[in-house]
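Peer 1:
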DNA sequence: CAAAATACCGAGTAATTTGCTATGATATTT
DNA sequence: AAATATCATAGCAAATTACTCGGTATTTTG
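Protein chains in written order, with the numbering used here: chain A, 95 to 244; chain B, 95 to 244.
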């Protein structure tokens, strides 16, 4: 019942891009360094995000990546789905073409998985990259406040 | 982001036992047959459930398994946790001794995983085996109703 | 008492997934 | 032309999953 590092690293990378939104292309190398992720591995993850239309790339020297849309228009759920596949605590309730088993008609457990799935989706789709940036800003201010009194 | 078959099979087996609660020991063989699960494999899962104090066993001929408590006192969450481990969409927010990474102080993504974790727990802990039995009964009545008019 | 029925136990194993690494090609800027 | 990037594909070790196999211990039944 865990997400893999794909989702973790991918979200961190997207958050990194969100915090630098509007400042031109951000190199993979710099994201990997800040987020402490293997460069080659992150390359694969960001390729998936690119194909999903979540990031744009600029090739060549001084190139890099940037968000394809504004931070407030990218939901965490989209990022996770792109990297981890459709939300599905159980195959039979996958958001995308669930394969129903033959006992599905009367399957009581399936209702539980559906509720789990929906509650996960709800959380992930309620948060945008902008929300995360705002949260980070709040955190920074809190720290400044404490600094002042120390 | 999937549960393994452990959680799936385990819950189905426990639901099977709940539906037969109060009727004496239920053999593993019969559970496996009804739920279409490999007998040997289910054996391992039910051993875990026994060690977690969720089922009791009776050895020998006519022996079998039964719920250790009443169906309304066993939450789905307990079963899932016994078989799949603590709810933890991410290691750093595991219900049981999460291992925090060094970036934890300012980790914005962690808040998201916490919310995901809590929403999963909430769903799973709100449902008992009795709830599932009631649901099954409702389903049966619905079918009877339709039967009457056909 | 013997046989059958059952729970209990530990090891082994094929397939899949994960989390990478390695190598090289292609595009752009300087 | 050189440097800096992205893009693409293949390979691989470790872990996990979903089992199977073979046997032992216990209890009931004929």
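Where is the CB? At the ideal position from N, CA and C, for every residue including glycine.
1) With 16 other CB atoms within 10 Å as the buried threshold, where does residue 182 (chain B) fall?
2) Taking the DSSP output, what are the residues bridged to residue 160 (chain A)?
3) Give the DSSP-derived three-state secondary structure of residue 169 (chain A) in the structure shown.
4) Here's a check: name, in chain order, each residue in its chain whose Cβ is nearer than 7 Å to the Cβ of residue 180 (chain A), leaving out the five neighbours to either side.
5) Against chain A, with Cβ distances strictly below 9 Å, would residue 132 (chain B) count as a contact?
6) How big is the Cα-Cα spacing for residue 98 (chain B) and residue 184 (chain A)?
7) How about residue 114 (chain B): is its C-beta nearer than 9 Å to some C-beta of chain A?
8) With distance defined between alpha-carbon atoms, name the residue in A:123, A:227, A:186 nearest to residue 168 (chain A).
9) Give me whichever residues DSSP pairs with residue 117 (chain A) in a beta bridge.
10) For residue 193 (chain B), count the other beta carbons within 10 Å of its own beta carbon; 16 or more makes it buried, fewer makes it exposed. Which is it?
11) Whose C-beta lies closer than 6 Å to the C-beta of residue 115 (chain A) among residues of the same chain, with five residues either side of it excluded?
12) Counting C-beta neighbours from all protein chains within 10 Å, is the total for residue 104 (chain B) 16 or more, i.e. buried, or is it exposed?
13) What does the alpha-carbon distance come out to for the pair residue 214 (chain A) and residue 214 (chain B)?
14) Rank A:153, A:178, A:128 by C-alpha distance to the C-alpha of residue 139 (chain A) and give the top, closest one.
15) Between B:236, B:154, B:198, B:159, which has its C-alpha nearest residue 147 (chain B)'s C-alpha?
16) Note down the Cα distance separating residue 153 (chain A) from residue 133 (chain A), rounded to an integer number of angstroms.
17) Taking buried to mean at least 16 other C-beta atoms within 10 Å of its own C-beta, is residue 195 (chain A) buried or exposed?
18) Could you tell me how far apart the beta carbons of residue 149 (chain A) and residue 111 (chain A) are, in whole angstroms, since I believe they sit closer than 8 Å?
19) Just to make sure I have the definition right: I need the residues of chain A whose C-beta is within less than 8 Å of the C-beta of residue 203 (chain B). Which are they?
20) I'd like the span of the alpha helix (DSSP H) that includes residue 191 (chain B), first residue to last.
21) Please report the residue range of the alpha helix (DSSP H) in which residue 96 (chain A) lies.
22) Can you find a CB in chain A that lies within less than 9 Å of the CB of residue 209 (chain B)?
23) Give the straight-line distance between the Cα atoms of residue 172 (chain B) and residue 121 (chain A), rounded to the nearest whole angstrom.
Peer 2: Considering the structure as presented:
1) buried
2) A:150
3) strand
4) 188, 189, 190
5) no
6) 8 Å
7) no
8) If we check each option's Cα against that of residue 168 (chain A), A:227 comes out closest.
9) None, per the DSSP bridge assignment.
10) exposed
11) For residue 115 (chain A), where only same-chain residues beyond five positions count, the Cβ hits under 6 Å are 161, 165.
12) Label assigned to residue 104 (chain B): buried.
13) 7 Å
14) A:178
15) Nearest Cα to residue 147 (chain B) within the set B:236, B:154, B:198, B:159: B:159.
16) 16 Å
17) With fewer than 16 Cβ atoms within 10 Å of its Cβ, residue 195 (chain A) is classed as exposed.
18) Confirmed, Cβ separation roughly 7 Å.
19) 102, 105, 106, 109, 226
20) Careful: residue 191 (chain B) lies outside any alpha helix (DSSP H) and carries neither H nor E.
21) Careful: residue 96 (chain A) lies outside any alpha helix (DSSP H) and carries neither H nor E.
22) yes
23) 45 Å
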